[in-house]
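In what follows, a single structure is set out as structure tokens and then discussed.
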Amino acid sequence: MKKILHIISQYPGRTGSGIYLNALAKEGKRRGYTQGLIAGIPYSDNFQPKYVEEFYPMVFNTEELPFSIVGMSDTMPYESTRYNELTDEMLYQWESSFRKAIIYALEDFEPDIILSHHLWLSTSLVRELAPNAKVIGICHGTDIRQLEKCPQYKDHILSNFKKLDLVLSLSDFQREDIERIYNIPKSKIVTIGGGYDEDIFFHPLDKISNEKIKIVYAGKLSFAKGLVSLLNIFKEIREKNNLELYLAGSGTGKEEKFIKTLAMEIGSNISFFGELTQKELGQVFRESHIFVLPSFFEGLSLVSIEALASGMLIVATEIEGLKSNLGSEINENGVIEYVKLPRMTKVDEPLKEDLEIFENRFKLGIEKQIEKVKEGYKVDEDIKKRIKEKSWKNIFNKIIDYIECIN
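Using the working numbering, the first residue of the sequence shown is number 1466, and each one after it goes up by one.
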């Protein structure tokens, strides 16, 4: 059986791309592949990965890498460094450490297939150092956003991307962006989408019925996720509808502090769950009614797919990757209400004068789903079948089929 090396330059499992990596590794283990992992972890963490036989960590907050993990989002659910904060010396240290990890893994593990997450510095370096392996780059959207925010890295990374054997995109919309921005031939880009773990996210036998309607957000506690708007909306509608709002996830610094302070000022019926395991999140979803995602930028939103698989109604901003991945049958069924985004000043920063109108639109979306809950809405069987097609088992099989077609 062939060997697969998974690569991510940040912490595995605590963001969408990390969950994506873990899901592919889990399916790879089920299929009998021997697997390895290169990933970034902090010195203080004793992280031990599941599903892989070999682990080659890049350890941050050490003499070799004397700063926190460099995150693909500017706000991460753990202490991190931004790419636009890297000095020339820090970039040299990062690249030297990553280069060393790749070379050692290639010599020790001898992979046949490399799945490298993010079309960014790490994947470019992998392609350069692994000429004999099949190297597949996986775009998550945050890489495109970083390229817009940090154009100084463009020349540094683009030269090797044409040499990738395959690029996986989250949506047809993103596929076009990849071709245009990275100048990668369209024939090398395939739309795979994202999935969910059917062992963890599944419909309950019946929703727990009580007087309160439970609304859940899961993700980073940051401004770009639209949480200030969500709290403003909840303040308006909670009493009339007898609602509870659960916020699952973590953040860092002033943004997390501001969000928690605002929630305290609003008062009751808001609970912070902190960072949950996938298993814990699945249980929360099955016990709740409506999932909300007021985010101003997303590549795909795996968590929305997980919520759908758990029988929840959804209210989300118009995320092209999500709409493309789910398809018209799910999008037009009523199980999900999409809300038009405000105009943006930057890729994930809304125009302030548009926020009131945006919040009114999002509030209407939530109120529509509340009425469905009150009326006893049930997801029909055809939609359940369509959602089940998005399982990681099916996603992994598609990826392997594409890889086997590479000459």
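Even glycine gets a Cβ: it sits at the ideal position worked out from N, Cα and C.
Reference residue i, options the options, closest by Cα
i, options, result
"residue 1632", "1604, 1782, 1748 and 1540", "1604"
"residue 1654", "1796, 1836, 1467 and 1584", "1584"
"residue 1786", "1775, 1800, 1769 and 1778", "1769"
"residue 1658", "1791, 1522 and 1827", "1791"
"residue 1650", "1660, 1778, 1629 and 1719", "1629"
"residue 1624", "1599, 1645, 1590 and 1652", "1590"
"residue 1581", "1827, 1470, 1755 and 1683", "1470"
"residue 1596", "1612, 1611, 1572 and 1618", "1572"
"residue 1831", "1530, 1600, 1710 and 1687", "1710"
"residue 1803", "1509, 1751, 1824 and 1550", "1824"
"residue 1776", "1762, 1691, 1671 and 1637", "1671"
"residue 1782", "1799, 1793 and 1759", "1759"
"residue 1807", "1495, 1496 and 1821", "1821"
"residue 1849", "1819, 1528, 1694 and 1794", "1794"
"residue 1846", "1726, 1648 and 1774", "1774"
First through last residue of the alpha helix (DSSP H) which encompasses residue i
i, result
"residue 1666", "Looking at the DSSP string, residue 1666 is not in any alpha helix (DSSP H), and its letter there is neither H nor E."
"residue 1717", "Note, residue 1717: premise wrong, no alpha helix (DSSP H); not H, not E."
"residue 1591", "1586-1594"
"residue 1557", "1553-1574"
"residue 1713", "Residue 1713 -> not in any alpha helix (DSSP H); beta strand (DSSP E) instead, spanning 1708-1713."
"residue 1840", "No alpha helix (DSSP H) holds residue 1840; DSSP gives it neither H nor E."
Contact check, residue i vs residue j, beta carbons under 9 Å
i, j, result
"residue 1507", "residue 1526", "yes"
"residue 1765", "residue 1481", "yes"
"residue 1857", "residue 1577", "no"
"residue 1622", "residue 1588", "yes"
"residue 1534", "residue 1501", "no"
"residue 1739", "residue 1772", "no"
"residue 1747", "residue 1666", "yes"
"residue 1601", "residue 1835", "no"
"residue 1801", "residue 1680", "no"
"residue 1563", "residue 1789", "no"
"residue 1567", "residue 1503", "yes"
"residue 1717", "residue 1542", "yes"
"residue 1557", "residue 1586", "no"
"residue 1524", "residue 1490", "no"
Burial state of residue i (16 or more Cβ within 10 Å)
i, result
"residue 1569", "exposed"
"residue 1742", "exposed"
"residue 1476", "buried"
"residue 1515", "exposed"
"residue 1729", "exposed"
"residue 1616", "exposed"
"residue 1871", "exposed"
"residue 1466", "exposed"
"residue 1607", "buried"
"residue 1840", "exposed"
"residue 1732", "exposed"
"residue 1763", "buried"
"residue 1645", "exposed"
"residue 1809", "exposed"
"residue 1611", "buried"
"residue 1592", "buried"
"residue 1744", "exposed"
6 Å Cβ shell around residue i - same chain, five flanking residues per side excluded
i, result
"residue 1634", "1604, 1640, 1643, 1654 and 1656"
"residue 1814", "none"
"residue 1479", "1542"
Residue interval of the beta strand (DSSP E) (run including residue i)
i, result
"residue 1582", "1578-1582"
"residue 1782", "1778-1782"
"residue 1688", "Premise fails: residue 1688 is in no beta strand (DSSP E) and is neither H nor E."
"residue 1656", "1654-1656"
"residue 1861", "From DSSP, residue 1861 is part of no beta strand (DSSP E) but of the alpha helix (DSSP H) over 1857-1869."
"residue 1520", "1519-1525"
"residue 1817", "Counting along the chain, residue 1817 falls outside any beta strand (DSSP E), and DSSP gives it neither H nor E."
"residue 1738", "1735-1739"
"residue 1803", "1801-1804"
Beta-carbon proximity list for residue i, same chain, < 8 Å, skipping 5 on both sides
i, result
"residue 1555", "1532 and 1546"
"residue 1720", "1540, 1686, 1687 and 1688"
"residue 1697", "1824"
Residue i at chain B interface by Cβ criterion, 9 Å
i, result
"residue 1744", "Considering every chain present, this structure includes no chain B. It has just one protein chain."
Cβ-based neighbour list, residue i, same chain, cut-off 7 Å, excluding 5 preceding and 5 following
i, result
"residue 1676", "1707"
"residue 1683", "1713, 1714, 1746 and 1768"
"residue 1492", "1857, 1858 and 1861"
"residue 1549", "1614 and 1615"
"residue 1868", "1578, 1599, 1601 and 1631"
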